[in-house]
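All residue numbers for the first sequence refer to the working numbering, where the first residue is 4 and numbers rise by one. For every residue, glycine included, the Cβ atom is placed at its ideal position computed from N, Cα and C. This one's a predicted model, so the numbers in the text were calculated from it and none came from an experiment.
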Amino acid sequence: MSPPEPPDGAREAYVEAYVEAVLQLVEQIPAGRVATYGDLAEAVGRGGPRQVGTVMARYGAAVSWWRVVRADGQPARGHEQRAITLLRREGTALRGPRVVLSEARWRPVDPPAVRRVDVS
DNA sequence: AATTTGACGACCG
DNA sequence: TCGGTCGCCAAAT
4 MSPPEPPDGA REAYVEAYVE AVLQLVEQIP AGRVATYGDL AEAVGRGGPR QVGTVMARYG
64 AAVSWWRVVR ADGQPARGHE QRAITLLRRE GTALRGPRVV LSEARWRPVD PPAVRRVDVS
């Protein structure tokens, strides 16, 4: 018989949570600033830059996707023109077709985090 | 179970 | 600075 509804659905929720985490971070990037795929991956703490890229490819349209760029400052592959138009509109520091990360890079705020207090 | 596939990244010549 | 190459990581074939 077909399995009723095993913990399989749990993985779905897991993936969904990941997508949410990524999109939430993107929404926090201020206009005029950007974050790299790698930065976001690190902030989420799970998966890598490519996972973030996959999320953006599928759900990015719902957020300010142009504020997520590659480690070298270039916008998402296949969306260079649109991204650059939007970035310029926001006054993001550009040098040719790429964002000047030294000026525009934005880092997610430190996790509320379990800060290990001094051991005194 | 092996291989391919990405809105990626670090390295090297 | 520009390309090519290899490594990554999870999902889809």
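Boundaries of the alpha helix (DSSP H) harbouring S105: 104–107, taken from the DSSP string.
Spatial neighbours of A44 in its own chain (CB-CB distance under 7 Å, excluding positions within 5 residues in sequence) are listed in chain order as G50, G51, P52, Q54, V55. DSSP places R91 within a helical segment (H, G or I) once states are collapsed to three.
Of all C-beta pairs linking the segment 97–111 to the segment 13–24, fewer than three are shorter than 8 Å, placing the two stretches out of contact. Of the candidates W68, T39, G63, T39 places its Cα closest to the Cα of S105.
Cβ-Cβ separation between T88 and A107: approximately 16 Å, too far for a contact (criterion under 8 Å). Annotated three-state conformation of R98 is strand, per DSSP. Counted as a single uninterrupted DSSP element, the stretch harbouring G81 is not any alpha helix (DSSP H), since DSSP gives it neither H nor E. The beta-carbon distance between V72 and V47, rounded to whole angstroms, is 17 Å. This is too long to meet the 8 Å contact definition.
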